[in-house]
Amino acid sequence: MLGEPFTLLRPIYYLIAVFSLCNFVYITFLRNKVKASSYVLVNSFFFLIIAEVLLFQEGIIVDEFNRSGDSVTFYLTILLGVLFIASFIFQRKKTRDKNRKKYI
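So the sequence shown is numbered by the numbering used here: it starts at 20 and just counts up by one.
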């Protein structure tokens with residue numbers, strides 16, 4: 020027959036579906052309860068997880084077809100991680116400064 024179906028990218032689609040479901044829950048139920056900056060951090064974290072799984076799956080595909088990997092994808096994943104950590108630090112600093120000004 021035609022052989023096995025190509026399922027190596029299926030985990031990425033699962034992650035995107037979960038991410039879309041979380042966005043739907045936020046839009047319908049949690050819009051007034053969760054701060055926008057916290058929501059942006061959660062979205063950034065989901066994108067980081069999706070990028071890491073995509074990089075891992077790319078490695079599996081490259082290994083299966085005996086090809087060489089793409090270094091740009093690796094560097095972009097590292098960049099996404101650095102951007103997430105930087106946004107987390109700046110958001111915490113902003114929140115801390117805002118709380119400090121309340122008490123002064």
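Just so you know, even glycine gets a beta-carbon here, dropped at the ideal spot from N, CA and C. Because the structure is a prediction, the values reported are computed rather than measured.
By the C-beta criterion, the stretch 68 to 81 is judged not to be in contact with the stretch 42 to 50, since fewer than 3 inter-stretch pairs fall below 8 Å.
L99 and F66 do touch by the CB rule: their CB atoms are close to 7 Å apart, below 8 Å. By the neighbour-count criterion, in which 16 or more other beta carbons inside 10 Å mark a residue as buried, A70 falls on the buried side. For G78, the uninterrupted alpha helix (DSSP H) segment begins and ends at 55 to 83. For a cut-off of 8 Å, the C-beta gap from L60 to F107 is around 6 Å, short enough to register as a contact.
One alpha carbon belongs to F38, the other to S57, and they sit about 15 Å apart. In the three-state DSSP reduction, P30 falls in the helix class (H, G or I). Distance from I68 to L34 at the Cβ level is roughly 6 Å; contact confirmed, criterion being Cβ atoms closer than 8 Å. For L102, the CB contacts under 8 Å within the same chain, skipping 5 residues up- and downstream, are S63 in chain order. Secondary structure at D116: helix, using DSSP grouped into helix, strand and coil.
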